[in-house]
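A.B. asks: Residue numbers (our numbering): 336 to 667.
Backbone N, C-alpha and C fix where the C-beta goes; we use that ideal spot for every residue, glycine too.
Bear in mind the structure is a predicted one, so any value in this text is a computation, not a measurement.
Pasting in a structure now, in structure tokens, and then I'll have a few things to ask.
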């Protein structure tokens, strides 16, 4: 296939490009990324000329149309994603997540190109802490809590409408929290790892009771590839690895891996409107497409992630001070 990967220099997108080049050398890969603070050309540099990077904005309709015209399929990762940033300034989220997705949809509609739209479980809001057996399904009503989640929910609904109204050949996926290489240091797991690597203390929102359903980025991307290959047009697939952990549990696991005392961290101000629990039911994806996660030992996958950040300080160190300065201004 000739693949166009939007947001392919971001965390999940870059990992998707790496796995595509390694596992599907018959494909040609073009990345469209505006290289905002969250995009990194350095994340693609090890691939050399195996992937082509086009620096441009997802809302640039002529550019998007030109790139889509040369593709067999588009995998749409491009989005603003950090909840804290959306609470501070939601405008960029409206532009990227809504206008950007509209721009992609119009291009694939004109050109008759297959689309896979990547979204988040945060569109569903949150779940109660009391019953861990209750999980999100594709039929769960949308109930977003943050500007980030609201704009991703809006982008999902645009895709569904373009499938129904215009016959666009699109699939959707909503995934739980990812971790792994090349994740920006503003995010929870890499922030704590790099805090400890730089002599800072780890930080925990509130009491740390909030629960997330974690998945290694490589498992997310094998699911995306399976959906791209065999997913039914118009279908939403939920991607998860059955790995619910409280933030406190994740942090204490990290502290143990890094040889620290389990209480060697600071409590900081909680996030506004902080969702209580996310949990994904991936049964439909597993039954229909035969997908299953590989990185099922959470502690081992987390230890490998710590190892990656230790070995790749040159990639994340230039980002670290600015991120921590921003958190400090918010008392976090």
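With DSSP collapsed to three states, give me the class of residue 483.
C.D. replies: If DSSP states are grouped into helix, strand and coil, residue 483 belongs with the helices.
A.B. asks: Which two residues bound the contiguous alpha helix (DSSP H) that contains residue 337?
C.D. replies: Unbroken run through residue 337 is the beta strand (DSSP E), 337 to 341; no alpha helix (DSSP H).
A.B. asks: Roughly how many whole angstroms lie between the Cα atoms of residue 369 and residue 560?
C.D. replies: Distance between the alpha carbons of residue 369 and residue 560 is about 23 Å.
A.B. asks: Which residue marks the beginning of the alpha helix (DSSP H) containing residue 538, and which one marks its end?
C.D. replies: Taken as a continuous stretch (DSSP letters only), residue 538 belongs to no alpha helix (DSSP H), being part of the beta strand (DSSP E) at 537 to 540.
A.B. asks: With a CB to CB cut of under 7 Å and the five nearest residues on each side skipped, what residues in its chain are close to residue 627?
C.D. replies: Hits under 7 Å: 621.
A.B. asks: Answer with yes or no whether the minimum CB distance from residue 446 to chain B is below 9 Å.
C.D. replies: Looking at the structure shown, chain B is missing, and only one protein chain is on hand.
A.B. asks: Mind pulling the alpha helix (DSSP H) runs of 4 or more residues that sit fully within the segment 625 to 659?
C.D. replies: If we require 4 residues or more, the alpha helix (DSSP H) runs fully inside the segment 625 to 659 come out as 633 to 646.
A.B. asks: Residue 405 and residue 398: beta carbons closer than 9 Å?
C.D. replies: Not closer than 9 Å, so no.
A.B. asks: How would you write the range of the alpha helix (DSSP H) that residue 400 sits in, first residue to last?
C.D. replies: 396 to 404 is the extent of the alpha helix (DSSP H) around residue 400.
A.B. asks: Restricting to Cα atoms, I'd like to know which of 526, 649 and 413 is closest to residue 600.
C.D. replies: Comparing Cα-Cα distances from residue 600 to each of 526, 649 and 413, the minimum goes to 526.
A.B. asks: Taking contact to mean 3 or more Cβ pairs, one atom from each stretch, closer than 8 Å, check whether the segment 458 to 473 and the segment 517 to 532 are in contact.
C.D. replies: With a cut-off of 8 Å, the segment 517 to 532 and the segment 458 to 473 do not count as touching, because too few Cβ pairs lie within range.
A.B. asks: Pick from 403, 514, 344 and 408: whose alpha carbon is nearest that of residue 377?
C.D. replies: With distances taken between Cα atoms, residue 377 lies closest to 344.
A.B. asks: Do residue 442 and residue 396 have their CB atoms nearer than 9 Å?
C.D. replies: Cβ distance < 9 Å, so residue 442 and residue 396 count as in contact.
A.B. asks: When the distance is taken between beta carbons, is residue 448 closer than 9 Å to residue 487?
C.D. replies: Contact flag unset, no.
A.B. asks: Answer yes if the segment 479 to 499 comes into contact with the segment 581 to 599, meaning at least three C-beta pairs across the two stretches below 8 Å, and no otherwise.
C.D. replies: These segments do not touch.
A.B. asks: Between residue 421 and the rest of its own chain, which residues show a CB-CB distance below 6 Å, the 5 nearest in sequence each way excluded?
C.D. replies: Excluding residues within five positions, the ones whose Cβ falls inside 6 Å are 428, 481, 482 and 483.
A.B. asks: What three-state label does DSSP hand residue 494 in the structure shown?
C.D. replies: In the structure shown, residue 494 sits in a helix (DSSP, three-state: H, G or I).
A.B. asks: Take residue 650 as the anchor and find which of 516, 567, 602 and 424 has the nearest alpha-carbon.
C.D. replies: With distances taken between Cα atoms, residue 650 lies closest to 516.
A.B. asks: In the DSSP assignment, find the alpha helix (DSSP H) that holds residue 528 and state where it starts and stops.
C.D. replies: 523 to 532 is the span of the alpha helix (DSSP H), which, as asked, contains residue 528.
A.B. asks: Count the other CB atoms, across all protein chains shown, that sit within 10 Å of the CB of residue 522; report buried if there are 16 or more and exposed otherwise.
C.D. replies: Buried, since its Cβ has 16 or more Cβ neighbours within 10 Å.
A.B. asks: Using the C-alpha atoms, what's the distance from residue 384 back to residue 363?
C.D. replies: Each residue's Cα considered, the two are about 10 Å apart.
A.B. asks: Does DSSP classify residue 478 as helix, strand or coil?
C.D. replies: Looking at residue 478 - three-state DSSP - the assignment turns out to be coil, as it is neither helix nor strand.
A.B. asks: Per DSSP, which one or two residues make a beta bridge with residue 508?
C.D. replies: Looking at the DSSP assignment, residue 508 forms a beta bridge with 453 and 572.
A.B. asks: Could you round the C-beta distance between residue 573 and residue 619 to whole angstroms and report it? I think they count as a contact, below 8 Å.
C.D. replies: Sure, about 7 Å apart at Cβ, within 8 Å.
A.B. asks: Would you kindly work out how many angstroms separate the C-alpha atoms of residue 414 and residue 432, rounded to a whole number?
C.D. replies: When rounded, the distance between both Cα atoms is 5 Å.
A.B. asks: Using 10 angstroms around the beta-carbon of residue 604, count the other beta-carbons present and answer buried if the total reaches 16, otherwise exposed.
C.D. replies: Per the 10 Å Cβ criterion, exposed.
A.B. asks: By Cβ distance, which residues of its chain are closer than 7 Å to residue 564, with the 5 residues on each side in sequence left out?
C.D. replies: Taken in chain order, the list of residues that qualify is empty.
A.B. asks: Within its chain, find whatever has a CB closer than 6 Å to the CB of residue 337; leave out the 5 residues flanking it on each side and keep chain order.
C.D. replies: Taken in chain order, the residues that qualify are 363, 406 and 407.
A.B. asks: Buried or exposed for residue 617, going by 16 or more other Cβ atoms inside 10 Å?
C.D. replies: It is buried - the Cβ of residue 617 has at least 16 other Cβ atoms within 10 Å.
A.B. asks: Which residue marks the beginning of the beta strand (DSSP E) containing residue 550, and which one marks its end?
C.D. replies: Per DSSP, residue 550 belongs to the beta strand (DSSP E) from 546 to 551.
A.B. asks: If we call anything under 9 Å between Cβ atoms a contact, is residue 387 one with residue 356?
C.D. replies: Not closer than 9 Å, so no.
A.B. asks: Roughly how many angstroms lie between the CA atoms of residue 720 and residue 454, to the nearest whole one?
C.D. replies: Summary: the structure shown does not reach residue 720, with the chain confined to residues 336 through 667, and so no result is reported for it.
A.B. asks: Please state whether the Cβ-Cβ distance between residue 497 and residue 462 is less than 9 Å.
C.D. replies: Cβ distance not < 9 Å, so residue 497 and residue 462 don't count as in contact.
A.B. asks: Measure the beta-carbon distance from residue 552 to residue 346 and round it to whole angstroms, keeping in mind my assumption that it falls under 8 Å.
C.D. replies: Yes, residue 552 and residue 346 are in contact; Cβ-Cβ is about 7 Å, under 8 Å.
A.B. asks: Output needed for residue 456: all residues of its chain with C-beta closer than 6 Å, excluding positions within five of it in sequence on either side, in chain order.
C.D. replies: Excluding positions up to five away in sequence, the list reads 471, 509, 511, 613 and 615.
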